[in-house]
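One structure is given below, encoded as structure tokens.
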Amino acid sequence: MKVLLDECVPRKLGRELTGHEAITIAAMGWRGVKNGELLRRMSAEGFGAMLTADKNLPYQQNASKLPFAIIVLDAYNNSLVSLRPCIPSALRALAVAKPGEVHVCKAE
Numbered sequence: 169m170k171v172l173l174d175e176c177v178p179r180k181l182g183r184e185l186t187g188h189e190a191i192t193i194a195a196m197g198w199r200g201v202k203n204g205e206l207l208r209r210m211s212a213e214g215f216g217a218m219l220t221a222d223k224n225l226p227y228q229q230n231a232s233k234l235p236f237a238i239i240v241l242d243a244y245n246n247s248l249v250s251l252r253p254c255i256p257s258a259l260r261a262l263a264v265a266k267p268g269e270v271h272v273c274k275a276e
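Using my numbering, the first residue of the sequence shown is number 169, and each one after it goes up by one.
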């Protein structure tokens, strides 16, 4: 699946999403783009999911109408060390995620 890594997620985390094409916002040239516009661009580019550490994002947008899933990494902070333990849960979520779903992944 084509997965967009939100700006709040360390780019190195993308290497751990085995079996998925992880692309950063910076690589897409979308730094600083606001959430609403970002979600529209994701739709146009065919992303299947967005990986974020922003726990508020699902409440700021009507996720059920989005053509991709949102995977929220729920950790103490957004450092690589804190987020890495969420990856097994995130990989399971990506395996079953459908458009419009929000999956919250905690450290294991």
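Positions of the beta carbon are idealized from the N, C-alpha and C atoms, including for glycine.
Residues bridged to residue i by DSSP?
| i | result |
| --- | --- |
| K170 | E189 |
With H, G and I counted as helix, E and B as strand and the rest as coil, what does DSSP make of residue i?
| i | result |
| --- | --- |
| K180 | helix |
| L248 | helix |
Here's a check: name, in chain order, each residue in its chain whose Cβ is nearer than 7 Å to the Cβ of residue i, leaving out the five neighbours to either side.
| i | result |
| --- | --- |
| K266 | A237 |
| L206 | W198 |
Under 6 Å Cβ to Cβ from residue i, same chain only, skipping five residues before and after it: list those, please.
| i | result |
| --- | --- |
| V270 | P226, A231, I238 |
| L173 | G182, A190, T192, L219 |
Report buried or exposed for residue i, applying the criterion of at least 16 other Cβ atoms within 10 angstroms of its Cβ.
| i | result |
| --- | --- |
| L248 | exposed |
| V264 | exposed |
| T220 | buried |
Excluding five sequence neighbours on each side, which residues of the same chain lie with their C-beta closer than 8 Å to the C-beta of residue i?
| i | result |
| --- | --- |
| R252 | L181, E184 |
Nearest to residue i by alpha carbon, out of the options?
| i | options | result |
| --- | --- | --- |
| M169 | E175, K202, E213, R208 | E213 |
| P256 | L241, C176, G268 | L241 |
| E171 | A275, A258, E276 | One detail in the question is off: residue 171 reads as Val in this sequence, not Glu. Among A275, A258, E276, the Cα nearest to that of V171 belongs to A258. |
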